[in-house]
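Only one structure is covered here, and it is reproduced in the block below.
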Amino acid sequence: MMRPFEEKVALLCEITGVDKKTVQAIIAEIGVNMSRFPTDKHIASWAGVCPRTTRARARGNRADSERGARG
Numbered sequence: 008m009m010r011p012f013e014e015k016v017a018l019l020c021e022i023t024g025v026d027k028k029t030v031q032a033i034i035a036e037i038g039v040n041m042s043r044f045p046t047d048k049h050i051a052s053w054a055g056v057c058p059r060t061t062r063a064r065a066r067g068n069r070a071d072s073e074r075g076a077r078g
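Per my numbering, the very first residue in the sequence shown carries number 8; after that it's consecutive.
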């Protein structure tokens, strides 16, 4: 099923720490059309990897991220 995306898989596999299975999961989850995300911050927020500060931890100045769509 990934055959049509082989070129994109190869490009994404060049990212340090990202292997082929991770790339396949990314493509399966969000596809290859990034036009729906105006900026890189939008996709990071959608994926739940965008750091944020919660009110309860505002004093400690810690940043958390969401778990994303993985459950």
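We put the beta carbon where it would ideally sit given N, CA and C, even for glycine. Treat the numbers as computed from the prediction; the structure is a model and nothing was measured.
| Item | Value |
| --- | --- |
| Return the first residue and the last residue of the alpha helix (DSSP H) that Ser42 is part of. | First-last for Ser42: undefined, no H or E at that position. |
| Looking at the unbroken alpha helix (DSSP H) that takes in Glu13, where does it start and where does it end? | 13 to 19 |
| May I have the straight-line CA-CA distance separating Ile33 from Lys48, to the nearest angstrom? | 16 Å |
| From the DSSP output, in three-state form, read off Ile50 for me. | helix |
| Which residues in the same chain as Phe12 place their Cβ atom closer than 7 Å to its Cβ, once the five residues preceding and following it in sequence are excluded? | Ile34, Val39 |
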